[in-house]
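**Q**
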Amino acid sequence: MSIGNWTIHTGVAVTIPREDIDTDQILPKQFMKLIEKNGFGKHLFHDWRYLNLEGTIPNPEFILNQEGFKNASVLIAGKNFGCGSSREHAPWALSDFGFRAILAPSFADIFSINSAKNGIALVRLKEEEIQYLNDWVSKNSGSPIRINLENLEVQAGDQSFPFYLDSASVNRIRNGRDEIDITLKHTKEILKFELIRKNEKSFLEVHW
């Protein structure tokens, strides 16, 4: 599963105008048994997306099952998106499905941290701006929305909205880096530190 590596994303937007969408709604707990990041997309919004527990009967009323939105990559939602548990599986499911940006008035803190690590830009906009975009998508179904991480701007048709995203999250997404990647960037410094520590505190070494 790709974890990002993008600066400008243009994709079909889908609206789920609900507040307090929690991580158990994004990915129900019974699907957390998988240990790899891949494969979670098919379980995204499972209880809303399917009419049966097995996930074999799609709910035709749910937006992601409707023509024109099955390949959506920009999600517009209500405030406090990603609340509930701290499970990173929720961003895994969103990313694996194909979402690259989520637009909402606010997000849960831990969800925000986990999203950037998985290539998802969380775009905080004013409630009236989110309402404008909801209306715009309704009138322009299937039309793309553009998210630009270089100038931090959302564009829908001829209307654009600025947003703030911290530089660390922007860098993670633009470079497709998780914690391990970021750590490995400092391999030389780590090896140098270990060598110095070994020479200065050799008594700490364990010999079996």
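The working numbering puts the first residue of the sequence shown at 142, with every later residue one more than the last. We put the beta carbon where it would ideally sit given N, CA and C, even for glycine.
Would Ile261 pass as a contact of Ser236 if the rule is Cβ separation under 8 Å?
**A** By 1-based counting over the sequence shown, the position of residue 261 is 120. By 1-based counting over the sequence shown, the position of residue 236 is 95. Contact: yes.
**Q** Please look up how many angstroms separate the CB atoms of Pro246 and Arg228, rounded, as I've assumed it's under 8 Å.
**A** Residue 246 sits at position 105 when you count from the first residue of the sequence shown. Residue 228 sits at position 87 when you count from the first residue of the sequence shown. The Cβ separation is near 22 Å, so there is no contact.
**Q** Identify every residue that forms a DSSP beta bridge with Val153.
**A** As a position in the sequence shown, residue 153 is number 12, starting the count at 1. Looking at the DSSP assignment, Val153 forms a beta bridge with Pro285.
**Q** Can you tell me which of the three DSSP states Pro201 falls into?
**A** In the sequence shown, residue 201 corresponds to position 60, counting from 1. It is coil, neither helix nor strand.
**Q** Between which two residues does the beta strand (DSSP E) containing Ala216 stretch?
**A** Looking up residue 216 in the sequence shown gives position 75. The question names Ala, but residue 216 in the sequence shown is Leu. Segment 215-218, the beta strand (DSSP E) holding Leu216.
**Q** Mind reading off the beta-carbon distance from Gly298 to Ala234? Whole number of angstroms is fine, and I expect it under 8 Å.
**A** Sequence index remark: in the sequence shown, residue 298 carries index 157 (1-based). Sequence index remark: in the sequence shown, residue 234 carries index 93 (1-based). Their Cβ separation, rounded to whole angstroms, is 29 Å, which puts Gly298 and Ala234 out of contact at 8 Å.
**Q** I need the straight-line Cα distance from Val153 to Lys174, nearest angstrom please.
**A** What you label residue 153 is simply residue 12 of the sequence shown in a count that begins at 1. What you label residue 174 is simply residue 33 of the sequence shown in a count that begins at 1. Rounded to whole angstroms, Val153 to Lys174 spans 30 Å at the Cα level.
**Q** Please state the DSSP three-state secondary structure of Leu235.
**A** Taking the sequence shown and counting its residues from 1, the one referred to as residue 235 is at position 94. DSSP places Leu235 in helix when its eight states are reduced to three.
**Q** Report, in whole angstroms, the separation of the C-beta atoms of Asn146 and Gly317, which I expect to be a contact under 8 Å.
**A** Position 5 of the sequence shown holds residue 146. Position 176 of the sequence shown holds residue 317. Contact holds; Cβ gap of about 3 Å.
**Q** Would Ser301 pass as a contact of Glu294 if the rule is Cβ separation under 8 Å?
**A** In the sequence shown, the residue the question calls residue 301 occupies position 160. In the sequence shown, the residue the question calls residue 294 occupies position 153. Yes.
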